[in-house]
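Note sheet for the following structure.
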Amino acid sequence: MEKTSKIWMDGKFVDWNDAKVHVLAHALNYGTGVFEGIRVYDTPSGPAIFRLKDHVKRLMDGCRVMCFDLPYTFDEICEAIKETVRVNKKVDYVKPCVFLCGEAVGLNPIGVPLKFTITAVYLGSYLGKEAQEKGASLVTSSWFRPWNLAAPAGCKVNGIYVTSCLAKMEAKKHGADEAVMLNAQGNVAECSGENIFMFKRGKLYTPTTADSILEGITRNSIMEIARDLGYEVIETEISRIDMLTADEVFMTGTAAELTMVANIDKRAIGEGKPGKVGKQLAAKYADVVRGKDPKYEKWLDRV
Ligand SMILES: Cc1ncc(COP(=O)(O)O)c(C=O)c1O
9 MEKTSKIWMD
19 GKFVDWNDAK
29 VHVLAHALNY
39 GTGVFEGIRV
49 YDTPSGPAIF
59 RLKDHVKRLM
69 DGCRVMCFDL
79 PYTFDEICEA
89 IKETVRVNKK
99 VDYVKPCVFL
109 CGEAVGLNPI
119 GVPLKFTITA
129 VYLGSYLGKE
139 AQEKGASLVT
149 SSWFRPWNLA
159 APAGCKVNGI
169 YVTSCLAKME
179 AKKHGADEAV
189 MLNAQGNVAE
199 CSGENIFMFK
209 RGKLYTPTTA
219 DSILEGITRN
229 SIMEIARDLG
239 YEVIETEISR
249 IDMLTADEVF
259 MTGTAAELTM
269 VANIDKRAIG
279 EGKPGKVGKQ
289 LAAKYADVVR
299 GKDPKYEKWL
309 DRV
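For any residue, its number in our numbering is found by taking its place in the sequence shown, counting from 1, and adding 8.
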C-alpha cells in the first residue's frame, strides 16, 4: 500500500500524519466501527469509482445495524468520497470508516461520539501478481466465519474482522495466499476478505447470504456478468467436499477482484491452474471496471 497526502475527517481534509484518535477510542478497544473498501479505476473518460452507490448503501446499512447516528446524507457521503479521490494523487482504493472515537471505558456504545474518515490509498494487487496469474493457494481455516446470529456477518463491522485476520494469518503461516472459512453448519462461507464461487458440471455456485457471508458487491457483479454470458448461477449451500472436487474455484472481492484458486489444502482444484470460466469472467470484469463495456456503465461513477 502507498500512502496519500490527505484524509477526510468529519468534513475536513487533514494531513495523513494528523489523522489521529485517542487510545481510549471505543472503536479501538471494542471494534465498534463500520467500514467499506471501494476501488477506483482509470477509464477512457477519466477515473471512475466502481459501484460507489452500492458501497455507500452498504456502509449506511451497517451504521443502521450498529445504531450509529450518521450526520451525513447518502449524497454527501458519495461526494466526500469523490472529493477524497480528487485531492489525492495515485489512488486505486478508498476506505471510508465510521467508528466510535469517544474516550470510553465500558461496553455501552450509546452516546459515544463517532467519527467519519475517508482514506484513499494506492493498493495495487491485493493477493499479489503470482496468485493472480497462476491461481491462489488456499487453506481451510480452523477459524469459522462468525455466524449470522453471533455477529452481524452481513455488515462490514470492524470487530468481526478479528476472525478474518486470524484466518489470513493461518493461511500465511501455512505458506498459502488466502483462507477459506466454513460457517457454523460446516459449509463453505467465504474467504477472509473475498466471496467464493465454484464451477462444477457446467454451472456456477456460490454460498447464500444465509450462510453467514458478507453480501459482496463484486459477487453481485460477477453473478450478473456470468448470467449475461449465459451461465447458470446458483446460490446454495456448498460443502467442503463440493468445493474440493469442483472443476474451478475463484474468489471475488473489491480488493482481490476475481482471483482464481489453484489449490486448496494442498489439493489441486481442477487442473491446478486458472480455469477457462474463471479466466473468461476475470477478463470481462477487468473490462467492465475500466469502462470498456457500455452495458455496465451504470456501475461507474466518474470522479
Ligand atoms: C469478509 C468479506 N467477504 C467478502 C468481501 C467481498 O466484498 P466486496 O465484493 O463487496 O468487496 C469482503 C470485502 O469487502 C469481505 O471483507
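Cβ atoms here follow ideal geometry from the backbone N, Cα and C, with glycine treated the same way.
Since the model is a prediction, treat every value here as computed from it, not as a measurement.
Less than 8 Å between C-beta atoms, sequence neighbours within five positions excluded: which residues of the same chain meet that for residue i?
i	result
residue 222	161, 162, 163, 164, 198, 203
residue 130	9, 10, 12, 98, 99, 100, 101
residue 250	196, 206, 208, 213
Measure how close the beta-carbons of residue i and residue j come, nearest whole angstrom, since I'm counting them as under 8 Å.
i	j	result
residue 33	residue 87	Rounded, the Cβ-Cβ distance is 26 Å, inconsistent with contact.
residue 106	residue 60	With a Cβ gap of about 16 Å, residue 106 and residue 60 do not count as contacting.
residue 246	residue 196	4 Å
residue 128	residue 135	At roughly 21 Å, the Cβ-Cβ gap does not stay under 8 Å, so residue 128 and residue 135 are not in contact.
residue 175	residue 168	Wrong, their Cβ atoms sit about 12 Å apart, outside the cutoff.
residue 146	residue 188	5 Å
residue 191	residue 153	5 Å
residue 248	residue 148	6 Å
residue 117	residue 44	That pair is no contact at about 20 Å.
residue 51	residue 299	3 Å
residue 80	residue 124	7 Å
residue 301	residue 295	5 Å
residue 151	residue 186	That pair is no contact at about 13 Å.
Starting from residue i, follow the alpha helix (DSSP H) in both directions and report where the run begins and ends.
i	result
residue 324	Outside the displayed span of the chain (9 to 311) sits residue 324, for which this structure offers no information.
residue 142	137-142
residue 170	169-181
residue 38	34-38
residue 287	284-297
Go through its chain and collect everything with a Cβ distance to residue i's Cβ below 7 Å, but skip five positions before and after it.
i	result
residue 70	42, 163, 164, 165
residue 35	41, 107, 108, 109, 166
residue 224	203, 260, 261
residue 258	205, 266, 267, 268, 269, 286
residue 94	311
residue 96	12, 13, 14, 128
In the DSSP output, which residue or residues are listed as bridge partners for residue i?
i	result
residue 5	This structure cannot speak to residue 5, because the chain is shown only from 9 to 311.
residue 75	DSSP lists no partner for residue 75.
residue 247	According to DSSP, which records beta bridges pairwise, residue 247 is partnered with nothing at all.
residue 275	272
residue 207	212, 256
residue 21	16
residue 133	DSSP lists no partner for residue 133.
residue 202	Answer is none; residue 202 lacks a bridge partner.
residue 241	212
Please list, in chain order, all residues of the same chain as residue i whose beta carbon is under 6 Å from its beta carbon, the five residues on each side excluded.
i	result
residue 255	207, 208, 278
residue 231	241
residue 62	225
Considering just the uninterrupted stretch of the beta strand (DSSP E) at residue i, what are its terminal residues?
i	result
residue 17	14-17
residue 228	Per DSSP, residue 228 belongs to no beta strand (DSSP E); it is in the alpha helix (DSSP H), 225-236.
residue 190	186-190
residue 104	101-108
residue 50	46-51
residue 43	41-43
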